[in-house]
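Novice:
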Amino acid sequence: MNLGFAKSCVLVTLLGAGAIAASAPVRAKEASGIRYAQIPTGAYSIVAEVRAKPGKEAELRAATLPLIAQVRSDPKNLVYFLQEDREHPGHFVFYEIFATKDDFEAHNAMPYVKDWFAKLPALAEGGVQVMRMEILGRDRR
């Protein structure tokens with residue numbers, strides 16, 4: 013058998029296997045800290061955003077980053093993500109889920125949250141814009 017032909021056959025086989033693997037559906041794995049089945053339908057969700065004043069992007073980021081560990085350590089917090097706009101540094105979006113509105117209000121009364129809000133007049137334009145949402149699920153129509 014010609015060695016060049018054998019290499020070509022192996023290459024075609026590998027490319028074919030790669031194409032099959034690439035066409036297989038990819039399923040997201042559940043994040044290790046989030047248990048979606050444990051988030052109740054009707055849970056209290058927050059989507060909030062804040063924008064840094066010009067020149068204050070790094071300061072607002074530095075003031076905001078500690079919230080990730082602080083909020084996630086709150087036993088009443090079910091989900092917390094802090095995101096920053098890739099195209100507009102200093103524009104932050106928060107995604108938070110609590111089981112109830114009372115849990116969220118207790119979170120907002122925490123000293124670290126009050127301290128963060130106290131820093132905003134110097135760092136952010138227009139304060140925090142908040143949307144209060146409800147988690148929907150399969151048992152509610």
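Every number in the numbering used here is 12 more than the matching position in the sequence shown, counting from 1.
Every residue, glycine too, gets a C-beta built ideally from N, C-alpha and C.
(1) Nearest to residue 95 by CA position, among 72, 52, 113, is which residue?
(2) I need the boundaries of the beta strand (DSSP E) containing residue 56, first residue and last residue.
(3) Name the residue from 62, 49, 50, 51 whose alpha carbon lies nearest to the alpha carbon of residue 138.
(4) If you draw a straight line from the alpha carbon of residue 143 to that of residue 60, how long is it in whole angstroms?
(5) Within a Cβ cutoff of 7 Å, which residues of the same chain sit near residue 148, ignoring the five residues on either side of it in sequence?
(6) Distance, Cα to Cα, residue 120 vs residue 126?
(7) Out of 136, 69, 88, which one is the CA nearest neighbour of residue 113?
(8) Going by the CB atoms, is the gap between residue 107 and residue 79 shorter than 9 Å?
(9) Could you check how far apart the C-beta atoms of residue 104 and residue 55 are, in whole angstroms? I think they sit under 8 Å.
(10) Let's test the definition: count the other Cβ atoms within 10 Å of the Cβ of residue 70 and tell me whether it reaches 16, buried, or not, exposed.
Specialist: According to the structure shown:
(1) Here residue 95 is taken as the residue at index 83 of the sequence shown, counted from 1. Of the listed residues, the one whose Cα sits closest to residue 95 is 72.
(2) Indexing the sequence shown from 1 puts residue 56 at position 44. Run containing residue 56: 56-64, per the beta strand (DSSP E) assignment.
(3) Numbered from 1 along the sequence shown, position 126 holds the residue referred to as residue 138. Nearest of 62, 49, 50, 51 to residue 138, Cα basis: 62.
(4) Against the sequence shown, residue 143 aligns to sequence position 131. Against the sequence shown, residue 60 aligns to sequence position 48. Residue 143 and residue 60: Cα-Cα distance of roughly 6 Å.
(5) By one-based count along the sequence shown, residue 148 stands at place 136. Cβ neighbours of residue 148 beyond the five flanking positions: 53.
(6) As a first step, residue 120 must be located in the sequence shown, where it is residue number 108. As a first step, residue 126 must be located in the sequence shown, where it is residue number 114. Going from the Cα of residue 120 to the Cα of residue 126 covers about 7 Å.
(7) In the sequence shown, residue 113 corresponds to position 101, counting from 1. It is 88.
(8) Counting from 1 along the sequence shown, the entry for residue 79 is found at position 67. Counting from 1 along the sequence shown, the entry for residue 107 is found at position 95. No, they are not a contact pair.
(9) The residue labelled residue 104 in the question sits at position 92 within the sequence shown. The residue labelled residue 55 in the question sits at position 43 within the sequence shown. Not quite, the Cβ-Cβ distance comes to about 22 Å (not below 8 Å), so this is no contact.
(10) Against the sequence shown, residue 70 aligns to sequence position 58. Result: exposed.
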